[in-house]
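Report on the structure given below.
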Amino acid sequence: MTQAIPDRLLEWLESQPQRRLTMAQFMSWALYDPESGYYSSRTGQFGDRGDFVTSPSLSADFAELLAVQAAEFWQVLGRPDRFVWVEMGAGAGQFAGDFLAAIAGTELEATLHYRIIERSPQLRRQQQERLEPWRDRVDWWTWEDWATQPTVGVAFSNELVDALPVHRIQWQGGEWQEIYVTENAGVLQEVLGPLSSPDLVDVFADLGLAAAIARLPEGYRTEVHPAAKQWLAQVVQGLQRGYLLTIDYGYSGDRYYAAGRTDGTLQAYWQQRFHNDLYARPGQQDLTAHVNFSALEVWGEALGLKRLAFTEQALFLMALGLGDRLMALSQPQSGSDLSQLLRRREVLHRLLDPTALGNFGVLLQGLNLSPEERAQSLRGFTVPASL
Ligand SMILES: C[S@@+](CC[C@H](N)C(=O)[O-])C[C@H]1O[C@@H](n2cnc3c(N)ncnc32)[C@H](O)[C@@H]1O
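Residue numbering for the sequence shown follows full-length UniProt numbering, beginning at 1 and increasing consecutively.
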């Protein structure tokens, strides 16, 4: 299914030296063009009635359980007087609202300041409306603000990294070529050309995969993630001391670049369905690529971010108390509304679903922590008692 190419996209394409865009440029346009981008021009992307469901849009339980982990981070950091929880890419602001409601009246509330860094001005406006009740506790920063005022606390994201633009490359004649996007006869098409930057493929050496890559089949296509590397550098610039907590779908580097994954992971998301037509409805559908968690670890280490733990969302949430919530539902009070109980149970199971949200990766990295702080075993990363 292909749709007319928006004029703004065509104009931009025409202005490029070789009339072609890298996939990262195309993805940036399709998601964030101020007038026509998916996150700028539309509302209602998140949740069962939108294009895709994220854990915060599914249920407040996600943010409530994360608040348990936040309190523990604060304890380990020595209960600082000012503790900042920075959410990067806050969508419609659901997580922030539920998290702030969850910590209301707790010890953490007195010291926690909530900060959001959001690329889309349209989503920022939605967040500001939703978070009006917490106006005094929340602020919105740009990445420039972040770099100049170092912060103690936690930099958190859920499904941010999968929304960062990627480059697409193809193994051809024993070398990597880049897949560009161009237009021909009113249709967006792919063309191969030399890499837009030789550094794009450094990731294979960084992950010790250079020998395996040489054996990939001709025509193998995949993605590389320089924007994720740049994002880590941005995080480190403003995090004086604390944690980076990343929740998203993805693979370790060897699974990402397995010989059998011949067409990478980049997909479009529209009305609750994944599909492969990346050029259908430019600006109206989400484009997303899996996260390379090994690359985040290796690039993070080079920036001083120590890998502290990695787990799956199902185990993480169970360790933080989701099992107790499920248990409570199996012992309903007399007079409980049965259909409501069943609905709630279904939602909790979806957060744990091993074929979907439950299988997401949860990566914890630490910056400028003492050896004792790094050695603390944190509740979300222990084996849950109720398994
Ligand atoms: C897939 S949505 C996830 C939203 C939300 N975290 C959730 O789980 O429902 C990705 C979010 O990241 C934002 N975003 C993408 N790139 C960003 C960047 N470089 N800095 C800040 N926000 C960004 C998008 O505008 C959007 O809010």
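We put the beta carbon where it would ideally sit given N, CA and C, even for glycine.
Computed from a prediction, not measured in an experiment: that's the story for all the values here.
If you run the structure through DSSP and keep just helix, strand and coil, what is residue i?
i, result
"serine 157", "strand"
"glutamine 285", "coil"
"threonine 382", "coil"
"glycine 366", "strand"
"glutamate 87", "strand"
"alanine 280", "coil"
"aspartate 248", "strand"
"aspartate 136", "coil"
"leucine 216", "coil"
"tyrosine 257", "coil"
"arginine 82", "coil"
"phenylalanine 360", "coil"
"histidine 224", "The amino acid at residue 224 is misidentified as histidine; the sequence shows valine. Residue state, collapsed to three classes: strand."
"arginine 168", "strand"
"histidine 290", "coil"
"aspartate 263", "strand"
"threonine 151", "strand"
Counting C-beta neighbours from all protein chains within 10 Å, is the total for residue i 16 or more, i.e. buried, or is it exposed?
i, result
"histidine 167", "buried"
"leucine 364", "buried"
"leucine 305", "buried"
"histidine 290", "buried"
"leucine 342", "exposed"
"leucine 338", "exposed"
"leucine 192", "exposed"
"asparagine 276", "exposed"
"aspartate 263", "exposed"
"glycine 335", "exposed"
"glutamate 218", "exposed"
Assuming residue i and residue j are in contact, meaning their beta carbons sit under 8 Å apart, how far apart are those beta carbons, in whole angstroms?
i, j, result
"glutamate 178", "proline 194", "7 Å"
"glycine 89", "glutamate 118", "7 Å"
"leucine 66", "valine 347", "Not a contact, Cβ separation roughly 16 Å."
"alanine 147", "glycine 238", "5 Å"
"leucine 326", "arginine 345", "7 Å"
"leucine 244", "leucine 303", "Not confirmed; about 10 Å, so no contact."
"serine 40", "aspartate 33", "6 Å"
"leucine 266", "leucine 287", "7 Å"
"serine 157", "threonine 246", "6 Å"
"glycine 380", "alanine 319", "5 Å"
"alanine 24", "alanine 227", "7 Å"
Please find out if some non-hydrogen atom of ligand 1 comes closer than 7 Å to the beta-carbon of residue i.
i, result
"phenylalanine 46", "yes"
"asparagine 158", "yes"
"glycine 89", "yes"
"tryptophan 29", "no"
"serine 36", "no"
"glutamine 94", "yes"
"threonine 54", "yes"
"leucine 164", "yes"
"tyrosine 114", "no"
"serine 57", "yes"
"tyrosine 39", "yes"
"tryptophan 141", "no"
Measuring only from the beta carbon, is residue i closer than 7 Å to any heavy atom that is part of ligand 3?
i, result
"glutamate 118", "What this structure holds is ligand 1, not ligand 3."
Can a CB atom of chain D be found closer than 8 Å to the CB of residue i?
i, result
"glutamine 172", "Any reference to chain D falls outside this structure, which holds one protein chain only."
Q. In the region 30-61, which residue ranges form an unbroken alpha helix (DSSP H) of at least 4 residues, counting only runs that do not cross its ends?
A. With a minimum length of 4 residues, the continuous alpha helix (DSSP H) runs that stay inside the region 30-61 are 38-41, 55-58.
Q | Ordered list of alpha helix (DSSP H) runs contained in the region 171-207, each at least 4 residues | A | Unbroken alpha helix (DSSP H) runs of no fewer than 4 residues, entirely contained in the region 171-207, are found at 202-206, following chain order.
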